[in-house]
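J.:
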Amino acid sequence: AQGFWAVPTGSAPGIGEQRVAAMAGQSIEEWYRSLPIITRIGLTTFFGSSALFMIGILNPELITLNWLLVINKFHLWRLITCCFFLGKFSFNFLFQLYFWVTFSSKLENNELMQQPGDYVWFLLIVIVLLCVISLLLAWPVGLPMLGPSLIFAVLYYWSRREPYAELNMMSFAIKGYQFPFVMMMFTLLMGGSIWGDLLGLAAGHVYYFCREIMPQTYGINIISTPGFLARAMVKYQPQAPGAPPPVAPQRPLFQGGGQRLGGN
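All the letters of the sequence shown, read from the start, carry residue numbers 57 to 320 under the numbering used here.
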């Protein structure tokens with residue numbers, strides 16, 4: 057597996073090397089607890105939903121996306137659960153979990169996601185985009201299972217955040233920004249469908265455009281993290297030992313210059 061997938065970055069350890077080094081001397085429980093909180097919850101949900109399906113407890117029909125049921129019968133949970141199900145255990149299932157753990161951890165620890173709730177807000181926006189865009193591919197119900205698309209959206213946005221990270225795939229050196237397209241080409245060569253990947257790419261790129269391009273080019277920020285979510289997530293924000301507890305960002309109650317009493 058390491059010969060197939062490694063991530064050297066010159067003198068600095070790459071993703072694969074960091075993970076091998078981090079796991080050396082660690083138990084599975086220690087490795088699991090060392091993951092960022094949202095990545096850890098996602099890993100648990102992906103594995104748990106597939107495990108319940110495999111032992112016959114969970115019926116996928118109850119959690120997959122169906123817009124007709126969402127609209128007519130208010131099955132709102134389907135908008136979330138459809139993105140955290142990968143189907144039965146398989147080799148592809150293990151690859152999807154590997155990609156989630158690797159690139160979700162990197163993205164959750166990225167400097168752009170350092171404020172409390174930023175990464176949760178990113179995932180929520182991408183999930184909504186996936187559910188809506190999937191209608192274009194499967195009208196009027198949408199694609200039933202969007203877990204792989206969510207993982208690809210995370211992978212794609214990571215590639216925009218670290219475009220020049222060096223990766224090594226099957227002895228070929230590639231850059232971070234090339235990786236999503238190399239993966240789609242690899243899927244095609246293996247006889248698979250890339251529609252789910254294209255869906256994830258589209259959702260990830262819409263978020264990238266709204267989060268980074270619009271504020272820099274047009275001075276407009278339409279997807280900033282809501283204050284209530286930041287306050288709810290502040291206690292889960294990692295901090296250095298001995299550091300004071302993080303404080304949720306506060307929005308001013310009143311904005312504007314105001315006017316002095318008695319003035320004109």
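The C-beta atom is built at its ideal place from N, Cα and C for all residues, glycine as well.
With respect to 8 Å, is the separation between the Cβ of Phe208 and the closest non-hydrogen atom of the ligand HEM below this value?
T.: This structure lacks the ligand HEM, and indeed carries no ligand of any kind.
J.: Is it the case that the segment 169-185 contacts the segment 274-289, given that we only count it when at least three CB pairs across the two stretches are under 8 Å?
T.: Yes, since at least three Cβ pairs between the segment 274-289 and the segment 169-185 fall closer than 8 Å, the two stretches touch.
J.: Reducing DSSP to helix, strand and coil, say where Asn128 ends up.
T.: For the purposes of this step, residue 128 is taken as residue 72 along the sequence shown, with counting starting at 1. Asn128: helix per DSSP, three-state reduction.
J.: Return the Cβ separation of Met110 and Lys144 in integer angstroms, given the expectation that the two are a contact with Cβ distance under 8 Å.
T.: Here the question's residue 110 lines up with position 54 in the sequence shown. Here the question's residue 144 lines up with position 88 in the sequence shown. Confirmed, Cβ separation roughly 6 Å.
J.: Curious, which full-length beta strand (DSSP E) runs of at least 3 residues does the segment 184-231 contain?
T.: Here the runs fully enclosed are 222-225, 228-231.
J.: Can you list, in chain order, the residues of its chain whose CB lies under 7 Å from that of Ala296, leaving out five sequence neighbours each side?
T.: Locating residue 296 in the sequence shown gives position 240, where the first residue counts as 1. Any reading at Ala296 needs caution, since the residue's pLDDT is 45, under 50, leaving its predicted position unreliable; the model's value is listed next. Result list for Ala296: empty, nothing under 7 Å.
J.: I'd like the list of long-range same chain contacts for Arg96, defined as Cβ closer than 8 Å, with 5 residues on each side in sequence excluded.
T.: Stepping through the sequence shown from its first residue, residue 96 is reached at position 40. Excluding sequence neighbours, Arg96 sits near Tyr88, Arg89.
J.: Please look up how many angstroms separate the CB atoms of Phe140 and Phe102, rounded, as I've assumed it's under 8 Å.
T.: Working through the sequence shown from its first residue, we reach residue 140 at position 84. Working through the sequence shown from its first residue, we reach residue 102 at position 46. That belief holds up - the Cβ atoms of Phe140 and Phe102 are roughly 6 Å apart, short of 8 Å.
J.: Provide the residue span of the alpha helix (DSSP H) that contains Tyr263, from first to last.
T.: Residue 263 sits at position 207 when you count from the first residue of the sequence shown. 251-264 is the span of the alpha helix (DSSP H), which, as asked, contains Tyr263.
J.: Nearest CA to the CA of Ser280: which residue from Ile230, Gln170, Leu121, Gly248?
T.: Residue numbering aside, residue 280 sits at position 224 when the sequence shown is read from its first letter. Comparing Cα positions, the closest option is Gln170.
J.: Identify, in the order they occur along the chain, each residue of the same chain with its Cβ nearer than 7 Å to the Cβ of Cys266, setting aside the five sequence neighbours on each side.
T.: The residue given as residue 266 occupies position 210 in the sequence shown. Contacts found: Ile278, Ile279.
J.: Our contact map puts Leu191 next to Ala259 with C-beta atoms below 8 Å; I'd like the distance itself, whole angstroms only.
T.: Residue numbering aside, residue 191 sits at position 135 when the sequence shown is read from its first letter. Residue numbering aside, residue 259 sits at position 203 when the sequence shown is read from its first letter. Wrong, their Cβ atoms sit about 13 Å apart, outside the cutoff.
J.: Pick helix, strand or coil for Tyr88, following the three-state DSSP scheme.
T.: Position 32 of the sequence shown, counted from the start, is the residue given in the question as residue 88. Note: Tyr88 maps to helix in three-state DSSP.
J.: Between Phe130, Phe235, Gly247, which has its C-alpha nearest Tyr213's C-alpha?
T.: Position 157 of the sequence shown holds residue 213. Cα-wise, what sits closest to Tyr213 is Phe235.
J.: Closer than 8 Å by C-beta to Ser106: which residues in its own chain qualify, once you throw out the five before and the five after it? Chain order, please.
T.: Within the sequence shown, numbered from 1, the residue matching residue 106 stands at position 50. Answer for Ser106: Phe141, Leu142, Gly143, Lys144, Phe145, Phe149, listed in chain order.
J.: DSSP three-state call for Pro172: helix, strand or coil?
T.: Taking the first residue of the sequence shown as 1, we reach residue 172 at position 116. Of the three classes helix, strand and coil, the one that applies to Pro172 here is coil, per DSSP.
J.: My output table needs one value for Leu180: the three-state DSSP class, helix, strand or coil.
T.: Along the sequence shown, one-based indexing puts residue 180 at 124. It is helical.
J.: Is Tyr156 helix, strand or coil when you go by DSSP?
T.: Here residue 156 corresponds to residue number 100 of the sequence shown, with the count starting at 1. According to the sequence displayed, residue 156 carries Trp and not Tyr. Reduced to three states, the DSSP call for Trp156 is helix.
J.: Kindly indicate which residue of Asn115, Ser83, Ile93, Pro282 has the alpha-carbon position closest to the one of Glu164.
T.: The residue given as residue 164 occupies position 108 in the sequence shown. Of the candidates Asn115, Ser83, Ile93, Pro282, the one whose C-alpha sits nearest the C-alpha of Glu164 is Ile93.
J.: If we count Cβ pairs, one from each stretch, closer than 8 Å, do we get three or more for the segment 242-257 versus the segment 123-139?
T.: With the cut-off at 8 Å, the segment 242-257 and the segment 123-139 do not touch.
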